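Here my numbering runs 89 ahead of the position in the sequence shown, where the first position is 1.
In what follows, a single structure is set out as structure tokens and then discussed.
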Amino acid sequence: MSLSSIGAGLQKETPEIGSMNETKRSKGKVVIVSGPSGVGKSTICKEVVKRLNNVYLSVSVTTRPRGEAEVDGEDYWFISEREFQERVDKGLLLEYAEVFGHLYGTPRDKVDAALQAGKSIILEIDVQGAKQAKRTYRDMVMIFI
């Protein structure tokens, strides 16, 4: 499957998005991209977002330390374990998991806001998180790379 075919599928499902003359917007889609570490998920997701103006890439929260080149709010939202647990307790995360000793999660409000704006949103998450997200968004698209 090529980037063009992935992008074409997203555009077909949300035809009104991007048209400045449209008054009614269609609801966006949740697209989960998952796969083993190092297969190119991030590269593919970033390229799709670059090519399509109606697609947003979700930014996860994490408890892991920020890398030197990483930007808070762009690569991840870097938070403490206490803050993470508070978000879990309040139901603010769509999904969450522990990976290599650090916690990762998807902020529910960001996903809902993108969908309400008529945008499709890509979640680059593991299979464990995809199963959790499926409970909320039953019609989501899952791509395993």
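Note that CB positions come from ideal geometry on N, CA and C, so glycine has one too.
These numbers come from a predicted model, not from an experiment.
Would you mind sorting Lys-203 into buried or exposed? The rule is 16 or more other CB atoms within 10 Å of its CB. Within the sequence shown, the letter at position 114 stands for residue 203. For the record, residue 203 in the displayed sequence is Ala; it is not Lys. So Ala-203 ends up on the buried side.
How far does the beta strand (DSSP E) with Gly-194 in it extend, from its first residue to its last? Along the sequence shown, read from residue 1 onward, the residue named residue 194 stands at position 105. Residues 191-196.
Alpha carbon to alpha carbon, what distance is there between Tyr-193 and Lys-223? In the sequence shown, the residue the question calls residue 223 occupies position 134. In the sequence shown, the residue the question calls residue 193 occupies position 104. Rounded to the nearest angstrom, the two C-alpha atoms are 17 angstroms apart.
Does DSSP put Glu-111 in a helix, in a strand, or in coil? Residue mapping note: residue 111 aligns to position 22 of the sequence shown, counting from 1. Note that Glu-111 has pLDDT 39, beneath the 50 cutoff, so the model's placement of it is unreliable and the number below is only indicative. Three-state DSSP puts Glu-111 in coil, outside helix and strand.
Could you tell me the distance, in whole angstroms, from the CA atom of Thr-112 to the CA atom of Lys-208? Counted from its first residue, the sequence shown places residue 112 at position 23. Counted from its first residue, the sequence shown places residue 208 at position 119. In this prediction, Thr-112 scores a pLDDT of 38, lower than 50, which makes its location untrustworthy; the coordinate-derived value is nonetheless stated afterwards. Their Cα atoms are separated by approximately 15 angstroms.
If I'm right that Gly-124 touches Lys-130 with Cβ under 8 angstroms, what's the distance once you round it to whole angstroms? Position 35 of the sequence shown holds residue 124. Position 41 of the sequence shown holds residue 130. About 5 angstroms; that satisfies the 8 angstroms criterion.
Using the Cβ count rule (16 or more neighbours within 10 Å means buried), how would you classify Thr-225? Reading the sequence shown from its first residue, position 136 is the one you call residue 225. Its Cβ having fewer than 16 others within 10 Å, Thr-225 is exposed.
Is Gly-129 helix, strand or coil by DSSP? To locate residue 129, count along the sequence shown from 1; it is residue 40. Three-state DSSP puts Gly-129 in coil, outside helix and strand.
Is the beta carbon of Val-122 closer than 7 angstroms to that of Ile-211? For this step, residue 211 is matched to residue 122 along the sequence shown. For this step, residue 122 is matched to residue 33 along the sequence shown. Going by C-beta atoms, Ile-211 is nearer than 7 angstroms to Val-122.
Since Asp-228 sits in a beta bridge, which residues does DSSP pair it with? By 1-based counting over the sequence shown, the position of residue 228 is 139. In DSSP, Asp-228 forms no bridge with anything.
For Phe-167, which option in Asp-178, Ala-158 and Thr-151 has the closest C-alpha, if you only look at C-alpha atoms? As a first step, residue 167 must be located in the sequence shown, where it is residue number 78. Its Cα nearest to that of Phe-167, the residue Thr-151 stands out among Asp-178, Ala-158 and Thr-151.
Would you mind working out which of Leu-183, Lys-179, Ala-206 and Gly-190 sits nearest Glu-213, comparing C-alpha positions? Here residue 213 corresponds to residue number 124 of the sequence shown, with the count starting at 1. Out of Leu-183, Lys-179, Ala-206 and Gly-190, Leu-183 has the C-alpha closest to the C-alpha of Glu-213.
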